[in-house]
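Report on the following structure.
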Amino acid sequence: MSAKAPGPSDTTQSELYLEYCKKGEIIHRFAENLAQTLGVFHGVNSTGKALRLEGEATGALSTILFDQLQIMVIRLSALCDNGTRNDDASLGQLVSGVSVPSFQQFLIDKETQWQRAVGHRAGTTRDIPRLIRVLKARWSILKAEQDALTRIKHYRNKVLAHATTGLDPSQRVLIRDIWRLSRLALSVAKYIRLLLERDDWNYLDHSEDGKACGRTLVRSLHRDE
88 MSAKAPGPSD TTQSELYLEY CKKGEIIHRF AENLAQTLGV FHGVNSTGKA LRLEGEATGA
148 LSTILFDQLQ IMVIRLSALC DNGTRNDDAS LGQLVSGVSV PSFQQFLIDK ETQWQRAVGH
208 RAGTTRDIPR LIRVLKARWS ILKAEQDALT RIKHYRNKVL AHATTGLDPS QRVLIRDIWR
268 LSRLALSVAK YIRLLLERDD WNYLDHSEDG KACGRTLVRS LHRDE
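With the working numbering applied, the sequence shown corresponds to residues 88 to 312, in that order.
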């Protein structure tokens with residue numbers, strides 16, 4: 088009897104799963120931080136407009152907005168750029184990894200085993216192929232914005248500073264790009280988390296927490312005027 092042709096074993100897939108989960112946790116932390124920063128920026132900006140700050144408070148507001156935009160660009164780039172170190176993680180690496188048919192089958196088998204072990208307490212069975220299709224579709228939308236991602240990474244400090252000085256109308260496109268691409272990246276991170284951890288984590292809800300902090304910060308500036 089001929090030997091079975093070599094192929095990815097269950098052990099290999101399990102090892103890949105553990106590796107992807109570790110990288111997924113890095114992505115999760117990056118995404119949480121990006122969501123918080125996005126929220127703080129929105130909270131600071133909207134409340135600053137509503138309170139019509141004047142004097143020194145206006146300068147402090149512009150500084151905060153500039154810093155938040157810089158951090159958003161750094162965190163967005165961290166999510167989207169493929170690193171060279173083994174302990175690096177990026178959205179693209181994980182989307183590519185979980186989309187491999189053999190690993191997709193591993194996730195399907197794992198879901199089936201989970202349902203059998205837990206029974207009715209497991210809740211609704213996840214449709215792994217559908218989740219991967221949604222993940223790849225959202226990643227494709229983000230990848231199609233490569234020109235905008237490249238522009239964002241090369242925005243000079245001076246450009247961001249001008250954009251946040253009274254939110255210069257001529258720089259609104261720049262700010263919209265950062266907001267839009269951040270939300271796209273968070274939607275990709277959401278489906279990676281759902282596939283690997285069975286955790287339907289809503290990063291935009293986390294962004295609302297940051298927004299509340301931003302509002303509180305600006306109100307404190309208003310009181311100190």
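Glycine included, each C-beta is placed from N, C-alpha and C at the ideal position.
Just so we're clear, the structure is a prediction, and the values are computed from it rather than from any experiment.
Pairing Ser307 with Arg203, the inter-Cα distance amounts to about 54 Å. Val187 places its beta carbon 8 Å or farther from that of Leu222. One alpha carbon belongs to Ile279, the other to Val160, and they sit about 21 Å apart. Rounded to whole angstroms, the Cβ separation of Leu178 and Leu282 is 12 Å, and the two are not in contact under 8 Å. Residue burial is scored here from C-beta neighbours: Glu119 has at least 16 other C-beta atoms within 10 angstroms and is therefore classed as buried. Under the DSSP assignment, Ala224 falls in the alpha helix (DSSP H) whose first and last residues are Ile215 to Lys230.
Selection Ala147, Thr199, Pro216 and Arg270 evaluated against Ile228 yields Arg270 as nearest (Cα-Cα). If one requires a minimum length of 4 residues, the alpha helix (DSSP H) runs lying completely within the segment 122-197 are 143-167 and 178-185, in chain order.
In the DSSP assignment, Asp234 falls within the alpha helix (DSSP H) that extends over Gln233 to Lys240.
In this structure Gln100 touches Ser189 by the C-beta definition: roughly 7 Å separates them, less than 8 Å. Asn120 carries a helical assignment under DSSP once its states are collapsed to helix, strand and coil. Between the C-alpha atoms of Cys167 and Cys300 there is a straight-line separation of about 26 Å.
Spatial neighbours of Ser164 in its own chain (CB-CB distance under 7 Å, excluding positions within 5 residues in sequence) are listed in chain order as Lys240. Assigned with DSSP and collapsed to three states, Asp286 falls in coil, not helix or strand. With a beta-carbon spacing of about 7 Å, Leu156 and Phe128 fall inside the 8 Å limit used to define contacts. Its chain contains Gln191 and Ile195 as the residues whose beta carbon lies nearer than 8 Å to that of Pro216, once the 5 sequence neighbours on both sides are disregarded; these appear in chain order. Taking the Cα of Leu268 as reference, the smallest distance to any Cα among Ala147, Ile219, Lys277 and Ala235 is reached at Ala235.
Within the same chain, and ignoring the five residues on either side of Glu198 in sequence, the residues whose Cβ sits closer than 7 Å to its Cβ are Thr212, Arg213 and Ile215. Taking the CA atoms as reference points, Gly135 sits about 6 Å from Val305. The Cβ atoms of Leu152 and Val131 sit closer than 8 Å to each other.
The beta-carbon separation of Leu273 and Leu261, rounded to 19 Å, does not stay under the 8 Å limit for a contact.
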